[in-house]
Amino acid sequence: MNETEELIKAALAKHVERTPHAGPILTALSRRRRRVRPSLIAIIAATVVAAGVAIPIAIQRPEASAPPATQQPMPVESKGIKMRYGLKALPGFVEANRTAAIDGSNQVRTWMKNTCQAGTPAQQCTQSLSLIMYTARHPYWADVIAPKGAHPVRNVDTPGWATWDSQNKQAKLTWRPPEQDTVLMVSLHDSEGDATRKVFDLARTVAVEDSAVVQPPLSFGWLPAELTRTSVTIAGSSPSTAETWIDAETTDPRGREVQAKIVAKAIDSPENHTLAVTLPDGRQVQLMASGNAPLPLDQLRKIAENLKPEPAPDKSWIGR
(Lines of atoms letter the chains of each structure in order from A and count residues from 1; the text may use other names and numbers.)
(Lines give C-alpha, C1' and ligand atoms only; values in the text may rest on other atoms or scores of the structure.)
Protein backbone atom coordinates (compact mmCIF):
# COMPACT_ATOMS: atom_id res chain seq x y z
CA MET A 1 0.00 0.00 0.00
CA ASN A 2 1.46 3.40 -0.96
CA GLU A 3 1.33 6.64 1.00
CA THR A 4 -1.65 7.97 -0.97
CA GLU A 5 -3.80 4.94 -0.12
CA GLU A 6 -2.92 5.33 3.56
CA LEU A 7 -3.79 9.04 3.40
CA ILE A 8 -7.22 8.14 2.02
CA LYS A 9 -7.84 5.86 4.99
CA ALA A 10 -6.62 8.53 7.39
CA ALA A 11 -8.90 11.11 5.76
CA LEU A 12 -11.94 8.85 6.08
CA ALA A 13 -11.22 8.20 9.72
CA LYS A 14 -10.75 11.93 10.29
CA HIS A 15 -14.12 12.78 8.71
CA VAL A 16 -16.00 10.54 11.11
CA GLU A 17 -13.81 11.08 14.18
CA ARG A 18 -16.10 11.04 17.26
CA THR A 19 -19.23 10.80 15.12
CA PRO A 20 -21.78 7.99 15.36
CA HIS A 21 -20.91 4.57 14.13
CA ALA A 22 -20.83 5.23 10.38
CA GLY A 23 -21.06 1.65 9.27
CA PRO A 24 -18.79 -1.35 8.91
CA ILE A 25 -16.10 0.14 6.76
CA LEU A 26 -15.58 3.27 8.80
CA THR A 27 -15.34 1.20 11.95
CA ALA A 28 -12.79 -0.95 10.14
CA LEU A 29 -10.80 2.12 9.24
CA SER A 30 -10.85 3.34 12.82
CA ARG A 31 -9.71 -0.03 14.15
CA ARG A 32 -7.15 -0.46 11.40
CA ARG A 33 -5.37 2.69 12.53
CA ARG A 34 -4.19 0.69 15.53
CA ARG A 35 -2.63 -1.92 13.23
CA VAL A 36 -0.94 0.15 10.50
CA ARG A 37 2.61 1.37 10.67
CA PRO A 38 3.47 4.21 13.11
CA SER A 39 3.84 6.78 10.31
CA LEU A 40 0.10 6.68 9.61
CA ILE A 41 -0.71 7.04 13.31
CA ALA A 42 1.59 10.05 13.37
CA ILE A 43 -0.24 11.55 10.39
CA ILE A 44 -3.59 11.34 12.17
CA ALA A 45 -2.20 12.61 15.45
CA ALA A 46 -0.52 15.56 13.73
CA THR A 47 -3.78 16.51 12.05
CA VAL A 48 -5.67 16.55 15.34
CA VAL A 49 -2.95 18.52 17.12
CA ALA A 50 -2.75 21.04 14.29
CA ALA A 51 -6.40 21.94 14.81
CA GLY A 52 -5.49 23.32 18.22
CA VAL A 53 -8.87 22.60 19.78
CA ALA A 54 -11.36 19.80 20.10
CA ILE A 55 -13.70 19.91 17.11
CA PRO A 56 -17.39 20.21 18.09
CA ILE A 57 -19.35 17.19 16.99
CA ALA A 58 -22.57 17.19 15.02
CA ILE A 59 -23.40 13.63 15.98
CA GLN A 60 -22.09 11.68 18.94
CA ARG A 61 -21.68 7.97 19.47
CA PRO A 62 -24.27 6.58 21.90
CA GLU A 63 -22.97 4.93 25.03
CA ALA A 64 -25.45 2.10 24.93
CA SER A 65 -25.53 -0.58 22.27
CA ALA A 66 -28.36 -0.53 19.77
CA PRO A 67 -30.64 -3.51 19.10
CA PRO A 68 -29.40 -5.94 16.44
CA ALA A 69 -29.99 -5.02 12.82
CA THR A 70 -31.58 -7.44 10.37
CA GLN A 71 -29.11 -9.54 8.42
CA GLN A 72 -29.22 -8.67 4.73
CA PRO A 73 -27.82 -10.77 1.87
CA MET A 74 -25.14 -9.52 -0.47
CA PRO A 75 -26.65 -7.86 -3.56
CA VAL A 76 -27.61 -10.21 -6.35
CA GLU A 77 -27.23 -7.63 -9.12
CA SER A 78 -23.79 -7.79 -10.73
CA LYS A 79 -23.96 -4.03 -11.28
CA GLY A 80 -23.43 -3.50 -7.57
CA ILE A 81 -24.99 -1.28 -4.92
CA LYS A 82 -26.25 2.09 -6.08
CA MET A 83 -24.93 5.13 -4.25
CA ARG A 84 -28.04 7.14 -3.44
CA TYR A 85 -26.51 10.63 -3.41
CA GLY A 86 -23.80 12.61 -5.11
CA LEU A 87 -22.48 16.16 -5.04
CA LYS A 88 -20.51 18.57 -7.19
CA ALA A 89 -17.03 18.32 -5.73
CA LEU A 90 -14.77 21.34 -5.29
CA PRO A 91 -12.32 22.07 -8.14
CA GLY A 92 -9.39 19.68 -8.16
CA PHE A 93 -11.04 17.03 -5.97
CA VAL A 94 -11.30 13.49 -7.39
CA GLU A 95 -13.27 10.55 -6.03
CA ALA A 96 -11.23 8.12 -3.96
CA ASN A 97 -13.70 6.00 -1.97
CA ARG A 98 -17.16 4.45 -2.09
CA THR A 99 -18.60 2.48 0.80
CA ALA A 100 -22.06 0.97 1.19
CA ALA A 101 -23.69 -1.06 3.96
CA ILE A 102 -25.56 -3.99 2.48
CA ASP A 103 -28.68 -3.25 4.54
CA GLY A 104 -28.87 0.31 3.20
CA SER A 105 -28.18 1.87 6.59
CA ASN A 106 -25.29 4.06 5.47
CA GLN A 107 -23.11 5.02 2.51
CA VAL A 108 -19.92 7.06 2.18
CA ARG A 109 -18.29 8.75 -0.80
CA THR A 110 -14.95 10.56 -0.46
CA TRP A 111 -13.05 12.92 -2.76
CA MET A 112 -9.40 13.95 -2.37
CA LYS A 113 -7.21 16.81 -3.60
CA ASN A 114 -3.42 16.90 -3.51
CA THR A 115 -2.06 20.46 -3.34
CA CYS A 116 1.45 19.48 -2.31
CA GLN A 117 4.48 21.42 -3.44
CA ALA A 118 7.77 19.65 -4.06
CA GLY A 119 9.25 18.48 -0.79
CA THR A 120 6.06 18.93 1.27
CA PRO A 121 4.80 15.78 3.05
CA ALA A 122 1.48 14.68 1.57
CA GLN A 123 -0.21 14.54 4.97
CA GLN A 124 0.27 18.30 5.34
CA CYS A 125 -1.42 19.31 2.11
CA THR A 126 -3.87 16.60 1.04
CA GLN A 127 -7.47 17.82 1.33
CA SER A 128 -10.52 15.58 1.68
CA LEU A 129 -14.28 15.79 1.30
CA SER A 130 -16.87 13.18 2.31
CA LEU A 131 -20.60 12.76 1.73
CA ILE A 132 -22.11 10.40 4.31
CA MET A 133 -25.67 9.06 4.34
CA TYR A 134 -27.57 7.41 7.20
CA THR A 135 -31.02 5.84 7.03
CA ALA A 136 -33.51 4.67 9.64
CA ARG A 137 -32.04 1.16 9.33
CA HIS A 138 -28.89 2.35 11.05
CA PRO A 139 -28.65 0.91 14.59
CA TYR A 140 -27.92 4.37 16.01
CA TRP A 141 -30.61 6.21 14.08
CA ALA A 142 -32.10 7.74 17.22
CA ASP A 143 -28.80 9.49 17.92
CA VAL A 144 -28.26 10.49 14.30
CA ILE A 145 -31.50 12.47 14.22
CA ALA A 146 -30.89 14.06 17.64
CA PRO A 147 -27.31 15.40 17.47
CA LYS A 148 -25.67 16.92 20.52
CA GLY A 149 -23.10 19.69 20.84
CA ALA A 150 -23.62 21.21 17.39
CA HIS A 151 -24.80 24.61 16.15
CA PRO A 152 -28.38 24.64 14.80
CA VAL A 153 -28.43 26.03 11.26
CA ARG A 154 -30.59 25.99 8.15
CA ASN A 155 -29.40 24.35 4.96
CA VAL A 156 -31.53 26.15 2.37
CA ASP A 157 -35.00 25.45 3.87
CA THR A 158 -33.96 22.42 5.90
CA PRO A 159 -32.93 22.49 9.58
CA GLY A 160 -29.42 21.21 10.14
CA TRP A 161 -26.43 21.18 12.49
CA ALA A 162 -22.94 22.51 11.79
CA THR A 163 -19.53 22.18 13.46
CA TRP A 164 -16.09 23.59 12.66
CA ASP A 165 -12.65 23.97 14.18
CA SER A 166 -10.99 27.17 15.38
CA GLN A 167 -8.99 27.62 12.16
CA ASN A 168 -12.03 26.93 9.96
CA LYS A 169 -10.10 24.25 8.10
CA GLN A 170 -12.44 21.42 9.04
CA ALA A 171 -16.23 21.62 9.06
CA LYS A 172 -19.25 19.32 9.02
CA LEU A 173 -22.85 19.99 8.06
CA THR A 174 -25.61 17.51 8.89
CA TRP A 175 -29.23 17.78 7.72
CA ARG A 176 -32.34 15.84 6.72
CA PRO A 177 -33.12 15.87 2.99
CA PRO A 178 -36.67 15.61 1.57
CA GLU A 179 -36.31 11.83 1.26
CA GLN A 180 -37.95 10.18 4.25
CA ASP A 181 -35.91 8.51 7.00
CA THR A 182 -32.56 9.85 5.75
CA VAL A 183 -29.81 12.05 7.21
CA LEU A 184 -26.91 13.46 5.18
CA MET A 185 -23.53 14.81 6.29
CA VAL A 186 -20.94 16.75 4.29
CA SER A 187 -17.51 16.81 5.93
CA LEU A 188 -14.58 18.85 4.61
CA HIS A 189 -10.92 19.10 5.60
CA ASP A 190 -9.40 21.98 3.61
CA SER A 191 -6.00 23.43 4.45
CA GLU A 192 -6.92 26.58 2.52
CA GLY A 193 -9.54 27.47 5.15
CA ASP A 194 -13.10 28.85 4.83
CA ALA A 195 -14.36 25.30 5.35
CA THR A 196 -17.67 26.31 6.93
CA ARG A 197 -18.83 28.34 3.93
CA LYS A 198 -17.65 25.62 1.59
CA VAL A 199 -19.63 22.83 3.27
CA PHE A 200 -22.80 24.92 2.95
CA ASP A 201 -22.06 25.49 -0.74
CA LEU A 202 -21.32 21.79 -1.20
CA ALA A 203 -24.52 20.76 0.58
CA ARG A 204 -26.55 22.79 -1.91
CA THR A 205 -25.15 20.64 -4.74
CA VAL A 206 -26.13 17.32 -3.13
CA ALA A 207 -28.74 15.49 -5.19
CA VAL A 208 -30.27 12.05 -5.60
CA GLU A 209 -28.15 9.96 -7.95
CA ASP A 210 -28.62 6.56 -9.54
CA SER A 211 -25.57 6.16 -11.77
CA ALA A 212 -22.75 5.65 -9.23
CA VAL A 213 -22.31 2.14 -7.81
CA VAL A 214 -19.90 0.17 -5.66
CA GLN A 215 -19.44 -3.52 -6.44
CA PRO A 216 -18.44 -6.26 -3.97
CA PRO A 217 -15.34 -8.22 -5.05
CA LEU A 218 -16.57 -11.26 -3.11
CA SER A 219 -19.26 -12.19 -0.60
CA PHE A 220 -19.68 -14.05 2.67
CA GLY A 221 -21.39 -17.42 2.26
CA TRP A 222 -21.51 -17.96 6.03
CA LEU A 223 -21.16 -15.72 9.07
CA PRO A 224 -21.66 -16.20 12.82
CA ALA A 225 -25.08 -14.99 13.95
CA GLU A 226 -23.60 -12.02 15.83
CA LEU A 227 -22.08 -10.49 12.68
CA THR A 228 -25.25 -8.91 11.36
CA ARG A 229 -23.88 -5.88 9.51
CA THR A 230 -21.96 -6.22 6.25
CA SER A 231 -20.54 -3.65 3.85
CA VAL A 232 -18.41 -3.26 0.74
CA THR A 233 -15.79 -0.64 -0.08
CA ILE A 234 -13.42 0.37 -2.86
CA ALA A 235 -10.74 2.95 -2.02
CA GLY A 236 -7.57 4.23 -3.64
CA SER A 237 -5.86 6.89 -5.70
CA SER A 238 -6.09 5.12 -9.07
CA PRO A 239 -7.91 2.13 -10.61
CA SER A 240 -4.68 0.13 -10.75
CA THR A 241 -3.79 0.56 -7.06
CA ALA A 242 -7.23 0.76 -5.41
CA GLU A 243 -8.13 -1.80 -2.75
CA THR A 244 -11.43 -3.68 -2.50
CA TRP A 245 -12.87 -5.47 0.50
CA ILE A 246 -15.96 -6.48 2.44
CA ASP A 247 -16.58 -6.33 6.19
CA ALA A 248 -18.92 -7.97 8.65
CA GLU A 249 -19.43 -6.77 12.21
CA THR A 250 -21.77 -6.56 15.15
CA THR A 251 -24.01 -3.59 15.93
CA ASP A 252 -21.69 -2.75 18.83
CA PRO A 253 -18.59 -0.81 17.65
CA ARG A 254 -16.63 -2.49 20.42
CA GLY A 255 -17.61 -5.93 19.15
CA ARG A 256 -16.08 -8.36 16.71
CA GLU A 257 -15.34 -7.71 13.06
CA VAL A 258 -14.17 -9.70 10.05
CA GLN A 259 -12.65 -8.23 6.90
CA ALA A 260 -11.99 -10.00 3.60
CA LYS A 261 -9.72 -8.04 1.25
CA ILE A 262 -8.50 -8.86 -2.25
CA VAL A 263 -4.69 -8.71 -2.17
CA ALA A 264 -1.77 -9.55 -4.44
CA LYS A 265 -0.24 -11.94 -1.89
CA ALA A 266 -2.14 -13.15 1.17
CA ILE A 267 -0.34 -14.05 4.41
CA ASP A 268 -1.42 -17.00 6.54
CA SER A 269 -0.96 -16.21 10.24
CA PRO A 270 -3.60 -18.01 12.35
CA GLU A 271 -1.95 -16.91 15.60
CA ASN A 272 -2.71 -13.32 14.56
CA HIS A 273 -6.31 -14.11 13.52
CA THR A 274 -5.32 -13.80 9.85
CA LEU A 275 -5.87 -16.38 7.11
CA ALA A 276 -4.80 -16.58 3.46
CA VAL A 277 -7.56 -17.70 1.10
CA THR A 278 -7.44 -18.42 -2.64
CA LEU A 279 -10.74 -18.02 -4.48
CA PRO A 280 -11.73 -20.46 -7.26
CA ASP A 281 -10.85 -17.79 -9.84
CA GLY A 282 -7.31 -17.52 -8.45
CA ARG A 283 -7.63 -14.20 -6.61
CA GLN A 284 -6.11 -14.12 -3.15
CA VAL A 285 -7.96 -12.89 -0.08
CA GLN A 286 -6.61 -11.69 3.25
CA LEU A 287 -9.18 -12.68 5.87
CA MET A 288 -8.73 -10.89 9.21
CA ALA A 289 -10.63 -11.01 12.50
CA SER A 290 -10.42 -8.09 14.92
CA GLY A 291 -12.19 -6.56 17.90
CA ASN A 292 -11.81 -6.78 21.65
CA ALA A 293 -12.27 -10.55 21.44
CA PRO A 294 -11.61 -11.78 17.87
CA LEU A 295 -13.59 -14.70 16.50
CA PRO A 296 -12.40 -18.20 17.39
CA LEU A 297 -10.15 -19.69 14.73
CA ASP A 298 -12.62 -22.44 13.83
CA GLN A 299 -15.25 -19.83 12.97
CA LEU A 300 -12.75 -17.81 10.96
CA ARG A 301 -11.83 -20.95 9.00
CA LYS A 302 -15.50 -21.65 8.29
CA ILE A 303 -15.90 -18.10 6.96
CA ALA A 304 -12.85 -18.69 4.75
CA GLU A 305 -14.28 -21.94 3.40
CA ASN A 306 -17.52 -20.21 2.42
CA LEU A 307 -16.21 -17.07 0.71
CA LYS A 308 -17.81 -16.63 -2.71
CA PRO A 309 -16.17 -14.80 -5.64
CA GLU A 310 -18.03 -12.00 -7.37
CA PRO A 311 -17.09 -10.43 -10.73
CA ALA A 312 -14.12 -8.09 -10.52
CA PRO A 313 -15.56 -4.67 -9.61
CA ASP A 314 -15.41 -1.59 -11.80
CA LYS A 315 -12.81 0.86 -10.49
CA SER A 316 -12.71 3.22 -13.46
CA TRP A 317 -14.40 6.01 -11.45
CA ILE A 318 -11.46 6.32 -9.03
CA GLY A 319 -9.45 9.47 -9.63
CA ARG A 320 -12.24 11.21 -11.56
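Position 57 of the sequence shown, counting from 1, maps to 57 under full-length UniProt numbering, and the rest follow consecutively. Note that beta-carbon positions come from the ideal geometry of N, C-alpha and C, so glycine has one too.
At the level of alpha carbons, what is the spacing between residue i and residue j?
i, j, result
"residue 289", "residue 244", "17 Å"
"residue 295", "residue 273", "8 Å"
"residue 81", "residue 236", "18 Å"
"residue 170", "residue 307", "40 Å"
"residue 161", "residue 240", "38 Å"
"residue 232", "residue 168", "32 Å"
"residue 207", "residue 175", "13 Å"
"residue 246", "residue 100", "10 Å"
"residue 102", "residue 177", "21 Å"
"residue 202", "residue 130", "10 Å"
"residue 256", "residue 302", "16 Å"
"residue 135", "residue 234", "21 Å"
"residue 148", "residue 265", "45 Å"
"residue 313", "residue 190", "30 Å"
"residue 228", "residue 144", "20 Å"
"residue 197", "residue 251", "35 Å"
"residue 311", "residue 270", "28 Å"
"residue 320", "residue 94", "5 Å"
"residue 118", "residue 98", "29 Å"
"residue 219", "residue 121", "37 Å"
"residue 280", "residue 225", "26 Å"
"residue 242", "residue 215", "13 Å"
"residue 300", "residue 223", "9 Å"
"residue 309", "residue 297", "22 Å"
"residue 127", "residue 90", "10 Å"
"residue 221", "residue 199", "40 Å"
"residue 217", "residue 138", "24 Å"
"residue 173", "residue 179", "17 Å"
"residue 158", "residue 142", "19 Å"
What does DSSP give as the partner residues of residue i in its beta bridges?
i, result
"residue 113", "127"
"residue 288", "259 and 274"
"residue 169", "None; residue 169 has no bridge partner."
"residue 231", "101 and 247"
"residue 89", "Note: residue 89 sits in no beta bridge, so no partner."
"residue 81", "214"
"residue 340", "With the chain running from 1 to 320 in the structure shown, residue 340 is simply not present."
"residue 95", "111"
"residue 237", "BP columns for residue 237 are empty, so no partner."
"residue 316", "The partner list for residue 316 (beta bridge, DSSP) is empty, contrary to what the question assumes."
Which residues in the same chain as residue i place their Cβ atom closer than 6 Å to its Cβ, once the five residues preceding and following it in sequence are excluded?
i, result
"residue 205", "87 and 88"
"residue 230", "102 and 248"
"residue 283", "262"
"residue 364", "The chain is shown only over 1 to 320; residue 364 falls outside these bounds and no answer can be derived."
"residue 115", "125"
"residue 193", "168 and 169"
I'd like the list of long-range same chain contacts for residue i, defined as Cβ closer than 7 Å, with 5 residues on each side in sequence excluded.
i, result
"residue 133", "84, 85, 106, 107, 182 and 184"
"residue 213", "79, 80, 81, 82 and 83"
"residue 195", "164, 168, 169, 170, 171 and 188"
"residue 304", "275, 277 and 287"
"residue 92", "113"
"residue 292", "254"
"residue 96", "8, 110, 111, 112, 235, 236, 237 and 318"
"residue 154", "160"
"residue 210", "82"
"residue 259", "28, 245, 247 and 288"
What residue range does the beta strand (DSSP E) around residue i cover?
i, result
"residue 209", "Per DSSP, residue 209 belongs to no beta strand (DSSP E) and is neither H nor E."
"residue 188", "182-189"
"residue 218", "218-220"
"residue 195", "Careful: residue 195 lies outside any beta strand (DSSP E), inside the alpha helix (DSSP H) at 195-203."
"residue 311", "Taken as a continuous stretch (DSSP letters only), residue 311 belongs to no beta strand (DSSP E), as it is neither H nor E."
"residue 138", "Premise fails: residue 138 is in no beta strand (DSSP E) and is neither H nor E."
"residue 161", "158-164"
"residue 254", "Taken as a continuous stretch (DSSP letters only), residue 254 belongs to no beta strand (DSSP E), as it is neither H nor E."
"residue 152", "151-155"
Going by DSSP, what residue range makes up the alpha helix (DSSP H) through residue i?
i, result
"residue 305", "297-305"
"residue 142", "141-144"
For residue i, collect the residues of the same chain with a Cβ closer than 8 Å to its Cβ; drop the 5 residues on either side in sequence, then sort them by chain order.
i, result
"residue 267", "274, 276 and 286"
"residue 316", "239"
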